[in-house]
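Asks:
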Amino acid sequence: MHKFKLNPVNSFFAFIALGLILVFVSGKFDDLVVYQGATVMMFVIAISSITLLTGYSGQVSLGHGAFLGVGGYAAAVTRNNYNLPIIVCIVIGVLAAAIAGALIGLSAARLSGPYLAGSTLALAVGLPSIVNRFDSLGGEQGLFFDVGAPPAFLGEGFSPYRWFFYAATLAMLVSLWGLRNVLNSRYGRTWRAVRGNDVAAQLSGVNIARSKILAFTLSAGLAGLAGVILAMTLGTVSPGVYPLALSFSLATGAVLSGINTLGGVMIGAVTLVAIPEIADSISHRLGGSEVLTTNLPGILVSALLILTVLFVPNGPVEQMRNTRNKKRVHAQR
Amino acid sequence: MQINRRKLFSASAVIAAVALAASVMPAQAANEVGVTATSIKFGMTSPKTGAAAPGYEKIPGAIKAYFDYVNANGGINGRKLTLVSRDDQYVPATAVQNAIKLIGTDKVFALLGTLGTASTKAITGPAGPATVYKVPTLFVNTGFSGFADKKKYPNSFALLPSYVMEAKIMAKYIKDKYAGKKIGIVYQDDDFGKDALAGFKTAGLTFDTYVPYASLSQGVATVPPTWIQKLKTAGAEVVVMFGVSSATTALLGNAYAGSYKPQWILGSVGGDATTIASSKKIPIALLGGAKGLSFAPSPIDSKDEYIAKFMEINTKYNPGVAFDNNIVAGMTTAFITAQAVKAAGVNITRKGLVAAIEKSGASFATPTLAPLAYSATSHVGATGYWIGTYDATGGLNPDGGKYTVYTTDSGTGAVVESTWKRPAMPENGLPK
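Going down the list, the protein sequences come from chains A and B. One rule links them: number in our numbering = place in the first sequence (from 1) + 2. One rule links them: number in our numbering = place in the second sequence (from 1) + 22.
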């Protein structure tokens, strides 16, 4: 029997089908779930940017939330000062984050391991101070990012949160489809080669520095897109929207998803959104003590991280794939 | 048709009974979310856990305690007031999600006392849930003057005086009392501090030394010991602290360690004695002698009729929770909300509630010692402060034994001593 393989063309149609299913399913839920759905889509894009950077090119970033901030702020400033169409603001947000990523990538090409992780962390820590330096960025209160009412064809009174979900879903599908194709291209193979053994890759003719900078640029651009989506759903950008905790959440989500594969990003994203809800529900059932309410989300995330690292270190999707391959090899024998 | 005396009596009795029932029973609110024949539900999102929670986490409990007191006394217009409170940890994204939950899932009538500028801005901005669903956001807990702007935030009402007002009043006090002395300022290096600097500038006060510290948005504020050295070297004899309580704690602790004893003047946010004491990082006695500002009576002033009543309510309906500034703030919010509900009438609606505050809010009874400025064109709350001295237990006492209140605005208006006579506490602390 001919085996079905996802090439760029049929994966395109698969993504369209997935989008239609998501849009159809979203109609069954209220605004809260739809808002959370938009947040999941934002996390999918942001985690996939970490997967590209760390899982494929082998560079560690602990401050990726800063790139989300750059994207969000660039889009908001453009929207507020020049009143450009929202799609243009999104593109500018992505480009601004990509440029910031390229600049960081220049230094990243000379750093590795904890030094690179520390440098990117410093970026996220410094973001509020940078924002407060410039009055035009709105300081602690931030700036509005008003994308306007939903398009007229969706009907009067159409929920803006549903509209945000549609936009976030489209952004997620387009970016994931594009990223998947890039990772399966020459560039993806180059990044994997550099990650595996940079000396061997260099001997094979790979320009290591250029490869790393390109990965950082693309990853930051994706993070910038996630930052614009986050700003859109909140209607505002401020240092509090992109806190240091966001960077740590993204790193956590990437580990839960499986750092080496795009296949599990949805798992990490859903987990990040669901954990606070689950913790809230559990602590209320157990009496809602302050100590429990405060610590339970952290305990659940920590437990999941430990379990993931112990039992599925490459993530659940990669683990399933490996198990299936082993079974297949076993059956062929 | 002949009407005999018996029939006339029966008809009169029926009419009287119907009229009496109509006056006592609340009318069914016409299709208004969060309002039933017997209750009105409010929602609140604020930090109950996390770095910004200490002190503020008591506010929802204080609001609920006052509502419980009102409910035990028959409610407002026959309806009980209830509060659904959610924790946002001072994170705007969580605050927005909470607001959507409160409005969409919990079906609250209005939001109450949202805390933090960035969170409140996200909730009440153009794409915020309060705007999307046209839900009033009453008496926000932030001194950012923008929320009083009716054009930008048509459904939001401020309660606290703005940071600009506070700085202008502080500036007048410093110029009057400490003329010729060297003045320093430690301030939070964000819009909170910048609002204050703008107020000082408007009031014509410049400092000999400026010491900014990093914002709270990435964690607990810290003030390195080196900055004490900076103040000492500059010879600052009077130091203004315009920041949060964690920074005040670090400042006082480091100053004590460095044997530096200027005259401290603490802003209302950073001078919260309960929060400083609960941190257990410094002895509260270090606050002794510092000057502080407040817009409400001192929580230790049990002779004040509002404070006395709030203390009584707190003891009965919020047992085991120490009475302090945060309890006063929460009960003030609840007390004014109850009056707004009363003023909106039996057939209360969201639009009607906003209109009632605009029409009657300035004449509401209020514990604040400066007048409320609500009107058809203004959503500004309290408009002034009094200045006092902290004792060794952290209590703020008015200088000279009486409250001297100064009022001003967030613009270029002058700072004047208030002659406003605060309305008396309504009987039993219930709206009239």
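Idealized CB from N, CA, C, for every residue including glycine. No experiment lies behind these values; they were computed from the predicted model shown.
Is it buried or exposed for L288(A), if we count other Cβ within 10 angstroms and need 16 for buried?
Replies: exposed
Asks: If you measure between the beta carbons of V208(A) and T192(A), is that distance less than 8 Å?
Replies: yes
Asks: Kindly list, in the order they appear in chain B, the residues whose Cβ is closer than 8 Å to that of G141(A).
Replies: D212, D213 and K216
Asks: Counting only the same chain and skipping the five closest in sequence on each side, list residues whose C-beta sits under 6 Å from that of A398(B).
Replies: E380
Asks: Using the Cα positions of Y112(B) and N120(B), report the straight-line distance between them to the nearest angstrom.
Replies: 11 Å
Asks: Does the segment 153 to 166 of chain B touch the segment 71 to 91 of chain A, meaning 3 or more C-beta pairs lie closer than 8 Å?
Replies: Verdict: no, contact absent.
Asks: So what does P234(B) bridge to, in DSSP terms?
Replies: Y209(B)
Asks: Do G126(B) and L34(A) have their C-beta atoms closer together than 8 Å?
Replies: Yes.
Asks: Report whether the distance from the Cβ of P87(A) to the nearest heavy atom of the ligand ATP is below 7 Å.
Replies: Among the components modelled here there is no ligand, and therefore nothing to report on the ligand ATP.
Asks: Going by beta carbon distance, what residues of the same chain come within less than 6 Å of G293(B), once the five residues before and after it are set aside?
Replies: The residues are G314.
Asks: Please name the residues in the segment 47 to 70 of chain A whose beta-carbon is closer than 8 Å to at least one beta-carbon of chain B, in chain order.
Replies: none
Asks: Just verifying my parser: in three-state terms, what is the DSSP assignment at T297(B)?
Replies: helix
Asks: Return no unless some Cβ of chain A is closer than 8 Å to the Cβ of A236(B).
Replies: yes
Asks: Just to confirm, are S432(B) and M187(B) a CB contact at a threshold of 8 Å?
Replies: yes
Asks: Could you check where the beta strand (DSSP E) with I62(B) kicks off and where it finishes?
Replies: S61 to S68
Asks: For Y37(A), return the contacting residues in chain B, with the cut-off set at a CB-CB distance below 7 Å.
Replies: Q119 and I122
Asks: Between I52(A), Y168(A), V149(A) and G71(A), which has its C-alpha nearest V36(A)'s C-alpha?
Replies: Y168(A)
Asks: Determine the chain A residues that contact F166(B) at a beta-carbon separation under 7 Å, and present them in chain order.
Replies: Q143
Asks: On the CB-based measure, 16 or more other CB atoms within 10 Å of its CB, does E449(B) come out buried or exposed?
Replies: exposed
Asks: Roughly how far, in whole angstroms, is the beta-carbon of V260(B) from the beta-carbon of I191(B), given that I think they are within contact range, below 8 Å?
Replies: Not confirmed; about 15 Å, so no contact.
Asks: Can you name, in chain order, every residue of its own chain whose Cβ lies under 8 Å from the Cβ of A202(A), other than the five neighbours on each side?
Replies: A195
Asks: What does D12(B) reach in chain A if we use C-beta pairs closer than 8 Å?
Replies: Missing from the structure shown is residue 12(B); chain B here goes from 23 to 454 and no further.
Asks: Any C-beta of chain B sitting closer than 8 Å to the C-beta of P153(A)?
Replies: no
Asks: Among V55(B), A73(B) and V57(B), which one has its Cα closest to the Cα of V266(B)?
Replies: A73(B)
Asks: Rounded to the nearest angstrom, what separates Y91(B) and F64(B) at their Cα positions?
Replies: 16 Å
Asks: Which first and last residues belong to the alpha helix (DSSP H) in which N82(A) is found?
Replies: G67 to Y84
Asks: Out of L308(B), A258(B) and Y428(B), point me to the one whose CA is closest to G416(B)'s CA.
Replies: Cα-wise, what sits closest to G416(B) is L308(B).
Asks: Looking at V118(B): is its Cβ nearer than 8 Å to the Cβ of A144(B)?
Replies: yes
Asks: Since I believe Q61(A) is in contact with A126(A) (beta carbons under 8 Å), could you give me their beta-carbon distance rounded to a whole number of angstroms?
Replies: Not quite, the Cβ-Cβ distance comes to about 15 Å (not below 8 Å), so this is no contact.
Asks: What in chain B is Cβ-close to P318(A), meaning under 8 Å?
Replies: Listed along chain B is no residue with a C-beta nearer than 8 Å to that of P318(A); the closest approach is about 26 Å.
Asks: Using a Cβ cut-off of 7 Å, pull out every chain B residue sitting near V2(A), in sequence order please.
Replies: Within the shown structure, residues of chain A are numbered from 3 to 335, placing residue 2(A) beyond reach of any answer.
Asks: Starting from Y195(B), trace the alpha helix (DSSP H) both ways and give me its first and last residue.
Replies: Y195(B) -> alpha helix (DSSP H) spans Y185 to K199.
Asks: From the beta carbon of G150(B), is the nearest beta carbon of chain A less than 8 Å away?
Replies: Taking 8 Å as the CB threshold, G150(B) lines the interface with chain A.
Asks: Could you work out which residues of chain B lie near L274(A), taking near to mean beta carbons separated by less than 7 Å?
Replies: Ordered by position in chain B, no residue passes the 7 Å Cβ test against L274(A), which lies about 11 Å from the chain.
Asks: Check whether the Cβ atoms of V176(A) and I88(A) sit closer than 8 Å, and answer yes or no.
Replies: no
Asks: Spatial neighbours of A225(A) within its chain, please: CB distance less than 7 Å, with the 5 preceding and 5 following residues excluded, ordered by chain position.
Replies: Correct list, in chain order: A48, S51, H66, F69, L70, G73 and A99.
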